[in-house]
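A short write-up of the structure that comes next.
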Amino acid sequence: MEISLTVEKKDQILPLRFYYQRMVNAGYVGRNQDEVRKHIEELAKEGVPGPKTIPTLYPVVSRMLITDSKIEVYSNQTSGEVEYVLLVKNEEEIYVGLGSDHTDRHLEKTDIPRAKQICPNILSKKVWVLDEIKDHWDDLMIRSKVWDKGKEILYQKGRLGLILNVDSLLDFVRTKIGERLTDIVIYSGTIGTLTGEPIFGERFEAELIDNNLNRRLELAYEIRPLDYLSIDE
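Taken in order, the sequence shown gives residues 43 to 275; the numbers are from the numbering used here.
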């Protein structure tokens, strides 16, 4: 698979055609175990069973990676969550993007791996070079907003220091896959919500903010349920 993006460097902006063969989504990645427990408790309230071990890693169909501004979903119970994304050409060439692991929360209650396949992984159209931000990684800020019935809600906010850093995430994925990482997209896992529960809104926005270099990555998309046809079940 191949996706067309833009690389924002310190001194120039360049096109990037990133080729990848695999995509994985990590979960329960908090460095602070209180943060991990908070996220598990949020999901438990919605009937989602807790993991046997943490962190977790799920394979995702490669075609589910998109940069679209609108997505279609089957269920009215879906929501996004902000994450950093590693685009690993090889272990010397890595880009960092902003993503949303949009998930069907109804299906997640019974089958988390399948819930990861039914909604897309949304990615920012712009990415950064990892080497330019690694020295101030923990200070990068992520946040997300949800629009629910026209109302804007601050949904998530925190520094990347709350979750696994790049080296730890790469080590974890490498141990699971069992080989050197090449041509792979890795979604990092998320932070807890400020609302304490998922919001099934009609729009999701997110930012990855680098105050050190005075720049940010952004994504935004509309969520359109397939509600134009009633299906008897």
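Ideal Cβ placement from N, Cα and C applies to all residues, glycine included.
For clarity, every value in this text was computed on a predicted model and none was experimentally measured.
Check	Outcome
Bridge partners - Arg185, DSSP secondary structure assignment	Lys199 and Glu249
Proximity winner among Met65, Gly234 and Leu128, relative to Ser210 (alpha-carbon distances)	Leu128
Close Cβ partners of Val103 (< 7 Å) along its chain, the five nearest in sequence each way excluded	Gln159
Inter-stretch contact (C-beta, 8 Å, three-pair minimum) for the segment 109 to 128 and the segment 143 to 151	yes
Opening and closing residue of the beta strand (DSSP E) in which Lys131 lies	Val124 to Asn132
Beta-carbon gap between Leu35 and Leu182 smaller than 8 Å	No statement about residue 35 is possible, as the shown extent of the chain runs from 43 to 275 and does not include it.
Sequence-distant residues of the same chain with beta carbon closer than 7 Å to Glu84, five excluded per side	Gly234, Thr235, Gly238 and Glu239
Cβ-Cβ distance between Asp252 and Arg258 below 8 Å	yes
Strand pairing of Lys101, partner residues [DSSP]	Here residue 101 is Pro; the residue named in the question, Lys, does not match the sequence. DSSP output for Pro101 lists Val66 as bridge partner(s).
Nearest to Ile205 (by Cα), restricted to the options Ile164, Lys112, His81 and Gly192	His81
Extent of the continuous beta strand (DSSP E) run through Arg266	Arg257 to Pro267
Residue closest to Val115, alpha-carbon to alpha-carbon, out of Gly69, Asn163, Arg73 and Thr98	Asn163
Per DSSP, the bridge partner or partners of Asn38	There is simply no residue 38 to check, as the chain begins at 43 and stops at 275 in what is shown.
Distance between Asn67 and Pro97 (C-alpha atoms, nearest Å)	11 Å
Distance CB(Gly200)-CB(Ile175) smaller than 8 Å	no
Buried versus exposed, by CB contacts within 10 Å (16 or more), Tyr70	buried
Length of the line joining the Cα atoms of Leu261 and Val171	18 Å
Same chain only: Cβ atoms within 6 Å of Ser111, ignoring 5 sequence neighbours per side	Tyr263
Sheet register partners of Glu50 (DSSP bridge)	Ile55
Run of the alpha helix (DSSP H) containing Lys168, from where it starts to where it stops	Counting along the chain, Lys168 falls outside any alpha helix (DSSP H), though it belongs to the beta strand (DSSP E) covering Lys168 to Val171.
Cβ distance (whole Å) where Gln63 is taken to contact Glu123 below 8 Å	With 8 Å as the limit, Gln63 and Glu123 do not qualify as a contact, their Cβ atoms being about 25 Å apart.
N-terminal and C-terminal residue of the beta strand (DSSP E) that Ile228 is part of	Ile226 to Tyr229
C-alpha distance - His144 paired with Phe60, whole-angstrom precision	21 Å
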